[in-house]
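In our numbering, the protein residues as written are 304 to 806.
Rendered as structure tokens:
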């Protein structure tokens with residue numbers, strides 16, 4: 304369909320068009336501009352609609368109207384050859400779709416206005432129209448003679464929506480190149496349209512993702528861009544639609560560019576175990592990861608099957624150094640695995656052999672036990688000695704016990720030569736054993752025998768005891784004097800002397 308504008312008088316401007324001869328292919332009608340079209344000849348309206356008063360429907364022209372301002376609408380039909388023309392009008396309908404279905408499908412019922420007279424001029428009356436309603440108008444050329452038919456509004460306060468005159472005549476869709484940085488492309492194009500609406504919006508959507516909305520005023524040539532569409536080689540469809548006239552729409556197919564994503568790829572991974580540290584029997588693993596097109600997000604995790612891991616955050620270089628510290632040295636076969644969380648398929652493993660254990664075990668190389676002299680005051684002695692040890696533990700305690708009694712505990716740090724004393728051991732001449740043990744390494748222990756000194760206790764012995772009784776005194780008392788001779792003196796306790804007078 305095409306349109307052109309003719310100025311016939313100072314009062315009316317007509318949009319000329321070839322009217323549609325099928326109900327399902329009806330054309331829009333605007334009362335403020337009217338229509339002027341060459342009537343068809345040798346055609347007949349299809350079977351289906353209820354044609355009301357029309358005894359026949361030769362040479363049909365179908366139009367639809369959408370009400371913008373409520374009120375009566377009178378449309379005058381005339382023709383240049385003054386031959387017999389007729390009409391029928393149906394409505395109102397809530398939507399264009401329901402109107403098409405009802406009228407073209409034959410369920411609408413009789414027309415609200417209809418004329419089958421022999422007149423060359425007719426007046427169509429649409430009474431009490433309401434905004435948003437839809438009407439269908441059929442104009443027939445009963446005469447079958449060539450003529451130009453004109454339809455214009457000549458009465459009533461109602462008006463129709465002229466946005467429905469919109470017609471898209473062209474729509475292009477040009478996909479841009481794929482961007483390897485995000486595997487996306489932009490779609491650009493141009494929409495060519497006649498009589499675009501003055502209100503609403505123009506929405507351009509892409510079946511492969513994305514859309515854009517353009518606001519009025521609308522030109523007859525409109526450029527658009529839909530950015531950031533995923534490149535996947537798919538068949539896509541661009542659809543452009545005016546919200547003020549959903550029938551003013553057009554679609555255009557295009558093929559998306561193929562994916563240009565460059566997949567992350569770890570091309571190299573080294574794993575170099577360091578030397579074993581005798582202080583803790585541990586070593587570090589160091590290495591380098593070479594990668595093409597690393598992700599820009601997520602993390603890089605390097606794990607060790609023999610223990611330990613490290614995490615590296617972006618941005619990632621193409622060569623990445625790493626260290627996993629403090630791995631136990633045990634000569635095991637180990638595996639390093641490097642994986643990007645943003646692309647779990649971007650991973651690589653590398654095997655290595657851990658260094659052998661370099662632990663130097665704690666070893667007591669010497670233990671002396673020297674008993675001191677017996678103290679007659681308590682018949683006790685002290686045991687002193689020295690413990691010589693290689694690689695003593697750094698934690699725990701050192702306990703020295705005596706099988707003949709007593710012990711002592713020494714706390715770290717431990718020297719390689721450790722002196723000790725166990726005091727107050729009973730002197731009895733027994734065979735005794737000193738045992739030294741580190742709690743952090745019970746295998747690090749040693750014993751040493753010694754003989755306790757003999758008892759040094761001396762028994763008390765009274766060799767002589769005298770008692771001399773003095774003279775009786777006037778107060779009937781007397782004094783006893785005497786001497787006690789001991790073989791061995793007593794340094795403690797007390798001496799009690801009891802006198803039994805025999806009474």
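All residues carry an ideal CB built from backbone N, CA and C; glycine is no exception.
Helix, strand or coil for residue i? Go by DSSP, reduced to three states.
i	result
residue 433	coil
residue 547	coil
residue 415	coil
residue 705	strand
residue 466	helix
residue 328	helix
residue 800	coil
residue 482	strand
residue 448	coil
residue 323	strand
residue 308	Caution applies to residue 308, whose pLDDT of 29 falls short of 50 and renders its modelled position unreliable; the value that the coordinates give is listed next. Looking at residue 308 - three-state DSSP - the assignment turns out to be strand.
residue 776	coil
residue 618	coil
residue 700	coil
residue 360	coil
residue 345	coil
Would you list the residues sitting across from residue i in a DSSP beta bridge?
i	result
residue 576	588
residue 514	508
residue 487	482 and 533
residue 473	495
residue 744	741
residue 571	593
residue 756	Residue 756 is not bridged to any residue.
residue 612	606
residue 768	787
residue 582	According to DSSP, residue 582 bridges with nothing at all.
Can you check whether the CB of residue j is closer than 9 Å to the CB of residue i?
i	j	result
residue 571	residue 592	yes
residue 463	residue 332	yes
residue 529	residue 515	yes
residue 451	residue 383	yes
residue 405	residue 435	no
residue 760	residue 679	yes
residue 545	residue 505	yes
residue 653	residue 590	yes
residue 437	residue 488	no
residue 403	residue 335	no
Would you mind sorting residue i into buried or exposed? The rule is 16 or more other CB atoms within 10 Å of its CB.
i	result
residue 369	buried
residue 690	buried
residue 478	buried
residue 768	exposed
residue 496	buried
residue 444	buried
residue 608	exposed
residue 588	buried
residue 776	exposed
residue 712	exposed
What residue does the beta strand (DSSP E) around residue i start on, and which one ends it?
i	result
residue 386	No beta strand (DSSP E) contains residue 386, which DSSP labels as neither H nor E.
residue 401	From DSSP, residue 401 is part of no beta strand (DSSP E) but of the alpha helix (DSSP H) over 399–408.
residue 722	720–729
residue 459	Counting along the chain, residue 459 falls outside any beta strand (DSSP E), and DSSP gives it neither H nor E.
residue 647	646–656
residue 685	683–693
residue 367	363–372
residue 637	636–643
residue 626	622–631
residue 664	Note, residue 664: premise wrong, no beta strand (DSSP E); not H, not E.
residue 711	710–713
residue 338	338–341
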